[in-house]
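Position one of the sequence shown corresponds to residue 744 (the numbering used here), numbered consecutively onward. All remarks here apply to the structure that follows.
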Amino acid sequence: MKDLAHYKDILLTRKRELYGRLNKIEKDLDTLKSGDSGDRAIERENDEVLEEFGTTGLKELQAIEAALDRIAAGTFGLCAKCGEPISPARLAAVPHAALCEECIARQ
């Protein structure tokens, strides 16, 4: 795998972005809510959306951590299922990808 430092930089940058976003979501969820019942209903709906964004962000963080572990182990860029190389196009689109296109299609 060429240029592991490039992928590591991309992953670490994205990790910092996600931590920043998750901190903002957490602060927003901890914000005091309105006393008005109509406003509270809207705030609950907004909180549900924020929680979903948070869940998605946490899943991506886990995938990034796993990719960083693969870099450290020397297995980054190899499919975790079949062991074949993951295409550069796939890694460019999803730098934390653990599976090649063929294995992802079989799921």
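Ideal Cβ placement from N, Cα and C applies to all residues, glycine included. Being a predicted model, the structure only gives us computed values, none of them experimental.
Whole angstroms are fine: how far does the CA of ALA809 sit from the CA of ALA823? Going by the C-alpha atoms only, they are around 11 Å apart.
*asked:* LEU804 and LEU747 - do their beta-carbons sit closer together than 7 Å?
replied: No.
TODO: Compare the C-alpha of LEU755 against each of ASP773, ALA806, ILE847, ILE768 and name the closest.
DONE: Considering only alpha carbons, the answer is ALA806.
Closer than 6 Å: is that where the CB of VAL792 sits relative to any heavy atom of the ligand FAD? As for the ligand FAD, it is missing from this structure, which has no ligand bound.
Just to confirm my understanding: we take LYS770, look at its own chain, exclude 5 residues before and 5 after, and list those with CB closer than 7 Å. What are they?
Cβ within range, chain order: n/a, list empty.
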